[in-house]
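Numbering-wise, the working numbering puts 174 at position 58 of the sequence shown, and it's gapless, one number per residue.
One structure is given here, and the rest of the page talks about it.
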Amino acid sequence: MRLRKQNLVAPLLILIGIFLLMNSGKDIGTGSIFAYFWPTFFLIPLGVFFHWMYFSLIGRGIGLLVPGGILLTAGLTCQIAIVTDSWITMWPGFILAPAVGLFELYWFGTRNKYLLIPINILAVLSFIFFIAFSIGSMLSQFSIIQPILALLLIVAGAYVLFRPKKHTY
């Protein structure tokens, strides 16, 4: 597969367009571009490079997948958090990053079943934190729902506490 100029220019144009849309009305300079896109310039290309090295070596450099998966996942997490200003909900992506790297090692490697233990622990922990902080973030934005939700929780708790008991014979 040959690498054409269009393959390199297209993502750059898309990123610049997204930056201009999100940065409308503010000063544009080199510092602000680096502040918004440093993961795209440094972390994501390194992660892609490690993956490219593994696949170009045809399976001989299996150890390249772990740092490649970690850098790619951490880079995507950072980029999404920077562009959307959602660090409060995106930080569990850093817990997910080693799970992705280890899963790639498992998937493309010798399929050592003991790798699934840390993969599952890290992935489940990350998803629990994603869910918990996403729900908290959503509820804080809809402040009118909080009293209604509080009343629903009180009614549900009272029902569970005082519901009629089932007789078992």
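Heads up, the beta-carbon is just placed ideally off N, CA and C, and yes, glycines get one too.
- Exposure of His283 is indicated by the presence of fewer than 16 other C-beta atoms within 10 angstroms of its C-beta.
- About 4 Å separates the Cβ atoms of Leu180 and Tyr170, confirming a contact at the 8 Å cut-off.
- Contact annotation, Phe219 with Thr193: C-beta distance approximately 16 Å; criterion of less than 8 Å not satisfied.
- Under the three-state reduction of DSSP, Thr226 is assigned to coil, being neither helix nor strand.
- Within the region 252–284, the complete alpha helix (DSSP H) segments at least 4 residues long are 261–278, listed from N- to C-terminus.
- In the structure shown, the three-state DSSP call for Pro234 is helix.
- Counting C-beta pairs closer than 8 Å gives fewer than three between the region 230–238 and the region 264–271, which falls short of the contact rule.
- Ala248 and Gly191 have their alpha carbons spaced roughly 22 Å apart.
- According to the DSSP assignment, Ile198 belongs to the alpha helix (DSSP H) that extends over 181–200.
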